[in-house]
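All residue numbers for the sequence shown refer to the numbering used here, where the first residue is 723 and numbers rise by one.
Even for Gly, the Cβ is constructed at its ideal location relative to N, Cα and C.
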Amino acid sequence: METFLIYLFKASVLLSIFYGVYFLLLRKDTFFTINRHFLLIGIITSLLLPFIEFTTIKFIESPDFYITGAHQSPSKNMIPETINWWVIGSVLYGLGALIFLSRFCLQLLSLKKLLTHNQSRKEEGFNLIEVTQDIAPFSFFNTIVYNPVLHSRGELDMILKHEKVHVQQLHTLDLILMNLLLIFLWVNPFAWLYKKNLEQNLEYIADREAINQMASRKEYQLTLLKVSSNNYSTITNNFYQSLIKKRIVMLNKQNSQSKKLWKITVILPLLSLFLWSFNTQEVIKIKQDTKIDQKASDNIIFQKKGKKIIEFIVDKSSSKKDLNKVKNTLKNDYSLEVKFSGIKRNDANEIISIKVDISSKKGTTNYAISNDTPINSFAIIYNSETGKIEIGQSGNSSNYIWLVDKDGKHKKGSTMKIHTGDKKHELIFTTGNHKDTYEIHTDDHKTFAYFTGDTDGEPLIYIDGKKSTKKEMEKLDSDTIEQMNVLKGKSAIKKYGDKAKNGVIEIITKKN
723 METFLIYLFK
733 ASVLLSIFYG
743 VYFLLLRKDT
753 FFTINRHFLL
763 IGIITSLLLP
773 FIEFTTIKFI
783 ESPDFYITGA
793 HQSPSKNMIP
803 ETINWWVIGS
813 VLYGLGALIF
823 LSRFCLQLLS
833 LKKLLTHNQS
843 RKEEGFNLIE
853 VTQDIAPFSF
863 FNTIVYNPVL
873 HSRGELDMIL
883 KHEKVHVQQL
893 HTLDLILMNL
903 LLIFLWVNPF
913 AWLYKKNLEQ
923 NLEYIADREA
933 INQMASRKEY
943 QLTLLKVSSN
953 NYSTITNNFY
963 QSLIKKRIVM
973 LNKQNSQSKK
983 LWKITVILPL
993 LSLFLWSFNT
1003 QEVIKIKQDT
1013 KIDQKASDNI
1023 IFQKKGKKII
1033 EFIVDKSSSK
1043 KDLNKVKNTL
1053 KNDYSLEVKF
1063 SGIKRNDANE
1073 IISIKVDISS
1083 KKGTTNYAIS
1093 NDTPINSFAI
1103 IYNSETGKIE
1113 IGQSGNSSNY
1123 IWLVDKDGKH
1133 KKGSTMKIHT
1143 GDKKHELIFT
1153 TGNHKDTYEI
1163 HTDDHKTFAY
1173 FTGDTDGEPL
1183 IYIDGKKSTK
1193 KEMEKLDSDT
1203 IEQMNVLKGK
1213 SAIKKYGDKA
1223 KNGVIEIITK
1233 KN
């Protein structure tokens, strides 16, 4: 529902942009037909443009990390329930939309009753219905309804000419489309103003076409002033629509010069600004070293990238034989010690828990995942030239975790978000310009891992000022973390004493 409300917001913004351009630049011009098309395009654009998204891809170098621990499990902390404003907003919006939908349906039923309970006659392709009710003349598709007793013959002739323009130009479609949009965007005040101006412009069109068929412009204007009534449905074209004064003013206004049409183009940069502000997403991707030549072997996918990079993909169906193949290849060809432990399988023989330990002469890497459901596939990547090890989840709905051995160079860094493209996961890397501890977590609130530089010991952990443990830290839901600070070296010892020689992780949680 959150996605729908965001779409609703974007549609409202677009409709407001079109209304602003029309109200400020176009409504006083006599380009009535062009204005009609502009307003209709505004309705269609506001409904469709939010679905169009542009993606810009930014490539970055692979961050250098050394991992000392990783853990994935559902959060066990009990988080206090908070007010879900998205749900409240959705309920209120739904109630409003239901009310206006019911109103629209009742109007249609009332109109149907009026049209079916009175006799009609054909005249020049129009259905004419004469009624006895005290209502203003109106048209609905090719049907024109009026009370002949309320008007003279001359007045009726002018009224019918006016309503026939509505019928011939299918103005009823404009009104139905606008009323449906109003049900959808009833929360947007500009939608109501949009409807009012659309109806007004349709009356301008009908007035202009009708008066061109008459000998006396003055007599037509007097007919507009003679009778005023509000007994009409908002989904019909009504001769005595409100704002009679404005209609008369527009009837007597000189035609606008065609050079003023340039004002319509103002909408284009505004739409571009909307797309850039709301519908453009930056995706950061990691630069790969070389092209991949892939070949599959049972449930293990082995990829060679040139001569220096190899990759193994382990998934839920990987057998013991498959895992041994990974171990033997890395050991025999690259002198890496690989240990798979803590393997648990479900009734379908799918892996639901596994831990991987990889060690070389330069350092060690660990990766662990434990769930009640089958694991997502993960990759083990080794660059024999740089000694860099990469390990982490793979596939369209996961991400890699980039690691480096203890002797790797640490780069000056910053905080960045890395998207997979499917909007399901997100990694947040925080790096510094010194060999400190780094942290990473994902938006699913189920993964929490922390990374250290070249330290050989465990850092101290403080949560909200109280000394804690790695186990307690891993239980934290990332949603509850306000801030994470990392201290090392002199700064850590100065604050916490010699016991902080291996560094300190300070975590501040959110306060309800």
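**Request:** State the beta-bridge partners of residue 1079 as determined by DSSP.
**Result:** Taking the first residue of the sequence shown as position 1, residue 1079 is located at position 357. For residue 1079, which the question treats as bridged, DSSP gives the partners 1061, 1088.
**Prompt:** In its own chain, which residues sit with a C-beta less than 6 Å from the C-beta of residue 1065, not counting the 5 before and 5 after it?
**Reply:** Indexing the sequence shown from 1 puts residue 1065 at position 343. Around residue 1065: 1076.
**Request:** Have a look at the DSSP bridge pairing and note the partners of residue 1205.
**Result:** In the sequence shown, the residue the question calls residue 1205 occupies position 483. Paired residue(s): 1230.
**Request:** Note down the Cα distance separating residue 957 from residue 894, rounded to an integer number of angstroms.
**Result:** Along the sequence shown, read from residue 1 onward, the residue named residue 957 stands at position 235. Along the sequence shown, read from residue 1 onward, the residue named residue 894 stands at position 172. Approximately 7 Å, taken between the alpha carbons.
**Request:** Could you have a look at residue 1103 and say whether DSSP puts it in helix, strand or coil?
**Result:** The residue labelled residue 1103 in the question sits at position 381 within the sequence shown. Residue state, collapsed to three classes: strand.
**Asked** Below 8 Å between beta carbons: does that hold for residue 889 and residue 848?
**Response** Within the sequence shown, numbered from 1, the residue matching residue 889 stands at position 167. Within the sequence shown, numbered from 1, the residue matching residue 848 stands at position 126. Contact flag set, yes.
**Message:** I need the DSSP call for residue 1174, collapsed to helix, strand or coil.
**Reply:** Working through the sequence shown from its first residue, we reach residue 1174 at position 452. At residue 1174 the pLDDT is 41, less than 50, meaning the model places this residue with poor confidence and gives no usable figure here.
**Message:** residue 942 and residue 932 - do their beta-carbons sit closer together than 8 Å?
**Reply:** Position 210 of the sequence shown holds residue 932. Position 220 of the sequence shown holds residue 942. Yes, they are a contact pair.
**Request:** Could you tell me the boundaries of the alpha helix (DSSP H) in which residue 867 lies?
**Result:** Numbered from 1 along the sequence shown, position 145 holds the residue referred to as residue 867. Residue 867 -> not in any alpha helix (DSSP H); beta strand (DSSP E) instead, spanning 865-868.
**Prompt:** Among all the DSSP beta bridges, which residues are the ones paired with residue 1036?
**Reply:** Counted from its first residue, the sequence shown places residue 1036 at position 314. The partner list for residue 1036 (beta bridge, DSSP) reads 1100.
**Message:** Quick check: what's the CA-CA separation for residue 779 versus residue 999?
**Reply:** Sequence index remark: in the sequence shown, residue 779 carries index 57 (1-based). Sequence index remark: in the sequence shown, residue 999 carries index 277 (1-based). Rounded to whole angstroms, residue 779 to residue 999 spans 16 Å at the Cα level.
**Asked** Cα separation between residue 1098 and residue 1071?
**Response** As a working note, residue 1098 is residue 376 in the sequence shown. As a working note, residue 1071 is residue 349 in the sequence shown. Rounded to the nearest angstrom, the two C-alpha atoms are 14 Å apart.
**Message:** I'd like to confirm the pairing. Which residues does DSSP put opposite residue 1240 in its beta bridges?
**Reply:** One cannot answer for residue 1240 here, as it falls past the ends of the chain, which runs 723 to 1234.
**Residue environment, residue 1089, which counts as buried when at least 16 other CB atoms sit within 10 Å** = In the sequence shown, residue 1089 corresponds to position 367, counting from 1. Buried.
**Asked** Which of helix, strand or coil does DSSP assign to residue 763?
**Response** In the sequence shown, counting from the first residue as 1, residue 763 sits at position 41. Reduced to three states, the DSSP call for residue 763 is helix.
**Prompt:** Per DSSP, what kind of secondary structure is residue 931 in: helix, strand or coil?
**Reply:** To locate residue 931, count along the sequence shown from 1; it is residue 209. In the structure shown, residue 931 sits in a helix (DSSP, three-state: H, G or I).
**Request:** Kindly indicate which three-state DSSP category residue 875 falls into: helix, strand or coil?
**Result:** The residue you call residue 875 lines up with position 153 of the sequence shown. Helix.
**Asked** For the beta strand (DSSP E) that residue 851 lies in, which residues bound it at each end?
**Response** Numbered from its first residue, the sequence shown carries residue 851 at position 129. Run containing residue 851: 848-852, per the beta strand (DSSP E) assignment.
**Burial state of residue 729, where buried means 16 or more other Cβ atoms lie within 10 Å** = One-based indexing of the sequence shown puts residue 729 at position 7. That one is exposed.
**Request:** Go through the region 962-1008 residue by residue and report every complete run of the beta strand (DSSP E) that reaches 3 residues or more, in order.
**Result:** 1002-1008
**Asked** How many angstroms separate the CA atom of residue 975 from the CA atom of residue 817?
**Response** In the sequence shown, counting from the first residue as 1, residue 975 sits at position 253. In the sequence shown, counting from the first residue as 1, residue 817 sits at position 95. One C-alpha to the other measures close to 44 Å.
**Item:** Whole-Å CB distance - residue 922 paired with residue 883, under 8 Å assumed
**Value:** Position 200 of the sequence shown, counted from the start, is the residue given in the question as residue 922. Position 161 of the sequence shown, counted from the start, is the residue given in the question as residue 883. In fact, because the Cβ distance is near 19 Å, the residues do not count as touching under 8 Å.
**Message:** Considering Cα atoms alone, identify which of 731, 737, 726, 724 is closest to residue 992.
**Reply:** Working through the sequence shown from its first residue, we reach residue 992 at position 270. When each option's Cα is compared against that of residue 992, the closest is 737.
**Prompt:** Skipping 5 residues on each side, what residues in its chain have a beta carbon closer than 6 Å to that of residue 743?
**Reply:** Residue 743 sits at position 21 when you count from the first residue of the sequence shown. Result list for residue 743: 988, 989, in chain order.
**Request:** For the alpha helix (DSSP H) holding residue 825, just list the boundary residues, first then last.
**Result:** For this step, residue 825 is matched to residue 103 along the sequence shown. Element bounds for residue 825: 807-838.
**Item:** Sheet register partners of residue 1190 (DSSP bridge)
**Value:** Position 468 of the sequence shown, counted from the start, is the residue given in the question as residue 1190. For residue 1190, which the question treats as bridged, DSSP gives the partners 1183.
**Asked** Since residue 959 contacts residue 924 with CB under 8 Å, what's their CB separation in whole angstroms?
**Response** Here residue 959 refers to the residue found at position 237 of the sequence shown. Here residue 924 refers to the residue found at position 202 of the sequence shown. Indeed, because the Cβ distance is near 6 Å, the residues count as touching under 8 Å.
**Asked** Just how far apart, CA to CA, sit residue 841 and residue 852?
**Response** As a working mapping, residue 841 is identified with position 119 in the sequence shown. As a working mapping, residue 852 is identified with position 130 in the sequence shown. Rounded to the nearest angstrom, the two C-alpha atoms are 7 Å apart.
**Message:** In whole angstroms, give me the CA-to-CA distance for residue 1049 and residue 1079.
**Reply:** The residue given as residue 1049 occupies position 327 in the sequence shown. The residue given as residue 1079 occupies position 357 in the sequence shown. Cα to Cα, residue 1049 sits roughly 11 Å from residue 1079.
**Asked** Over what stretch of residues does the alpha helix (DSSP H) that includes residue 1049 continue unbroken?
**Response** Position 327 of the sequence shown, counting from 1, holds the residue named residue 1049. Residue 1049 -> alpha helix (DSSP H) spans 1042-1056.
**Spatial neighbours of residue 861 in its chain, beta-carbon cut-off 6 Å, leaving aside the 5 residues before and after** = Start at 1 with the first residue of the sequence shown, and residue 861 comes out as number 139. Taken in chain order, the residues that qualify are 885, 888, 889, 959.
**Prompt:** Sorted by chain position, which residues of the same chain lie with C-beta nearer than 8 Å to residue 830's C-beta, five sequence neighbours on each side aside?
**Reply:** Reading the sequence shown from its first residue, position 108 is the one you call residue 830. So the list reads 957, once near-sequence residues are dropped.
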